[in-house]
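What the sequence shown shows, in the UniProt record's numbering, is residues 1 to 411, in sequence order.
Let me begin by presenting the structure, written as structure tokens, before commenting on it.
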Amino acid sequence: MMYYQGEKERAYKYLNEAITMMEGTDYDLKYDNLRYYYNTIILYLLWDERLEESLEALDKLEAVVTSATGEETHISGLEEKELKRLYANRAVALARLYRTEEADECYRKFLSLSDSRDNYLIIPYLFKRGRYDEVIRLNSEREREYVEAGDTINYYMTSIRHSLGRAYFIKGDYKKAALQFERLAALRDSLKDREQRSAAIELATVYDIARKDMQIEKDAAKLRVRNVLLWTVSAIVLILVFAIWRIWRHHLIIKEKNRIQTRTIEELLESKAELEKEKADALATETAETPEAQDESSDFDRICQLLHKDNLFLDPELSRDDIIRMARVPKNKFAQIFKENTGMSFTEYVNGKRMEYAASLLKDNPHFTIEAVAKEVGLSSAQFYKLFQKRFGITPSVFRSNLSSNALVEK
1 MMYYQGEKER AYKYLNEAIT MMEGTDYDLK YDNLRYYYNT IILYLLWDER LEESLEALDK
61 LEAVVTSATG EETHISGLEE KELKRLYANR AVALARLYRT EEADECYRKF LSLSDSRDNY
121 LIIPYLFKRG RYDEVIRLNS EREREYVEAG DTINYYMTSI RHSLGRAYFI KGDYKKAALQ
181 FERLAALRDS LKDREQRSAA IELATVYDIA RKDMQIEKDA AKLRVRNVLL WTVSAIVLIL
241 VFAIWRIWRH HLIIKEKNRI QTRTIEELLE SKAELEKEKA DALATETAET PEAQDESSDF
301 DRICQLLHKD NLFLDPELSR DDIIRMARVP KNKFAQIFKE NTGMSFTEYV NGKRMEYAAS
361 LLKDNPHFTI EAVAKEVGLS SAQFYKLFQK RFGITPSVFR SNLSSNALVE K
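Pasting the structure below:
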């Protein structure tokens with residue numbers, strides 16, 4: 001459609017993109033679509049005299065036509081039909097480029113194939129090579145087919161009449177040329193009259209249908225208005241009542257869920273604090289009793305000890321390489337150590353520790369702002385909000401507000 005509207009470059013661009021996309025798919029009708037796209041773009045290129053580009057497209061089409069089509073349903077005679085069309089278009093392009101030997105070779109290949117449905121495609125080649133008798137023969141055969149089928153008022157016949165008239169004129173048979181051009185003019189008038197009658201009938205039909213549809217729509221509209229007026233007020237009231245109830249219920253559920261979640265976080269922090277204290281005491285005892293125990297402790301324990309020493313995990317500049325160096329653990333085992341002991345990556349583990357520390361700050365320092373807590377754990381406010389909610393399921397502000405609510409409930 002774009003091509004016929006004059007936007008030829010956009011048409012070429014979209015066709016080439018369609019070809020590229022289709023070549024990269026496993027679509028069931030991949031090769032069928034590729035043949036269609038290539039034949040379309042070749043036709044446009046020949047019309048625009050972009051002959052070298054048309055030859056490149058023809059080479060690509062030949063590769064598609066002669067390649068295996070996978071599981072596509074085989075259509076008998078399709079390959080021969082496509083090859084004959086290909087040879088015809090290639091002969092036309094080569095003849096226009098004055099590469100006559102190559103063009104003639106393509107014409108011989110064209111003649112070697114029996115399918116005759118697309119013989120009209122070779123006509124431009126025959127004109128270019130001065131084979132006017134062949135032009136007359138092929139077009140006369142096509143004319144007989146349409147006459148026998150009783151279908152002589154069509155645009156294919158205009159092409160036939162024009163080609164015959166032109167061929168006779170070039171040969172100097174002006175009488176036959178004039179007869180063909182006279183028949184061509186009459187045919188075009190007949191086509192124009194038929195189109196005008198068809199358009200008039202179609203317009204009258206459309207008008208009649210539109211008038212009836214309009215009346216039906218008016219009657220239906222009156223009925224709809226009456227029904228709508230009858231139900232609108234009651235429906236709105238019911239919807240509003242239901243919506244208010246749902247909002248109120250949802251608010252209570254979320255509020256209770258957040259309160260329980262906050263209490264769960266508090267208990268988690270208390271449990272972790274006790275666990276880490278017990279672990280630190282045990283590690284200190286072992287180290288005091290056997291100095292070599294520190295060297296024998298697990299890599300993960302050493303890393304944890306480093307991270308908790310002076311709250312190293314809060315350092316925003318802390319990197320994986322820093323910990324590997326300080327804990328003296330093999331670099332290639334570092335990620336595996338965390339995966340086996342925590343089920344998460346080093347970054348996820350450190351961020352989790354930061355969020356637990358942040359939750360403790362929020363709980364123990366009600367005067368701290370959210371921004372101050374975020375800065376304390378080495379994060380921006382946006383990062384802090386995102387990681388806190390991911391870790392605990394609620395935002396820092398909701399957690400803080402529920403701390404006071406839980407305190408009141410306990411009192």
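Ideal placement from N, C-alpha and C gives every residue a C-beta, glycine not left out.
In this text, all values refer to a predicted model and were calculated from it rather than measured experimentally.
Assigned secondary structure, residue i (DSSP; H/G/I helix, E/B strand, else coil)
i           : result
residue 366 : coil
residue 234 : helix
residue 360 : helix
residue 328 : coil
residue 391 : helix
residue 209 : helix
residue 294 : Here the model assigns residue 294 a pLDDT of 48, short of 50, so the residue's position is not dependable, and the following value carries that caveat. Residue state, collapsed to three classes: helix.
residue 11  : helix
residue 101 : helix
residue 398 : helix
residue 344 : coil
residue 29  : coil
residue 351 : helix
residue 165 : helix
residue 151 : coil
residue 317 : coil
residue 3   : coil
residue 66  : coil
residue 117 : coil
residue 85  : helix
residue 20  : helix
residue 377 : coil
residue 129 : coil
residue 173 : coil
residue 140 : helix
residue 271 : helix
Same chain only: Cβ atoms within 6 angstroms of residue i, ignoring 5 sequence neighbours per side
i           : result
residue 374 : 381 and 384
residue 88  : 110, 121 and 122
residue 314 : 377 and 378
residue 360 : 269
residue 45  : 53 and 54
residue 18  : 37
residue 274 : none
residue 212 : none
residue 169 : 177
Same chain, Cβ closer than 7 angstroms to residue i, five either side skipped, listed in chain order
i           : result
residue 324 : 331 and 334
residue 248 : none
residue 300 : 337 and 341
residue 102 : 94
Closest by C-alpha distance to residue i, when choosing among the options
i           : options               : result
residue 140 : 125, 104, 157 and 129 : 157
residue 261 : 144, 395, 364 and 353 : 395
residue 329 : 298, 308 and 310      : 298
residue 96  : 51, 245, 179 and 309  : 51
residue 386 : 365, 352, 200 and 48  : 352
residue 128 : 100, 137 and 150      : 100
residue 367 : 344, 136, 400 and 349 : 400
residue 130 : 159, 147 and 167      : 167
residue 258 : 144, 402 and 231      : 402
residue 91  : 144, 242, 113 and 125 : 125
residue 60  : 145, 16 and 345       : 16
residue 106 : 58, 66, 133 and 149   : 58
residue 356 : 305, 343, 271 and 344 : 271
residue 254 : 398, 202, 24 and 66   : 398
residue 344 : 217, 391 and 62       : 391
Cut-off 8 angstroms between Cβ atoms - residues of its own chain near residue i, not counting five sequence neighbours on either side
i           : result
residue 118 : 81, 84, 85 and 88
residue 115 : 77, 80, 81 and 84
residue 350 : 307, 313 and 318
residue 408 : At residue 408 the pLDDT is 48, less than 50, meaning the model places this residue with poor confidence and gives no usable figure here.
residue 5   : none
residue 22  : 30, 33, 34 and 37
residue 194 : 153
residue 190 : 153
residue 48  : 8
residue 146 : 152, 154, 156, 157 and 160
Integer Cβ distance of residue i from residue j, believed to fall under 8 angstroms
i           : j           : result
residue 161 : residue 184 : 4 angstroms
residue 12  : residue 41  : 7 angstroms
residue 164 : residue 136 : 6 angstroms
residue 302 : residue 327 : 5 angstroms
residue 363 : residue 266 : 7 angstroms
residue 132 : residue 171 : 5 angstroms
residue 2   : residue 10  : 5 angstroms
| request: Taking only runs that begin and end inside the stretch 33-62, name each unbroken alpha helix (DSSP H) of 4 or more residues, in chain order. | output: none
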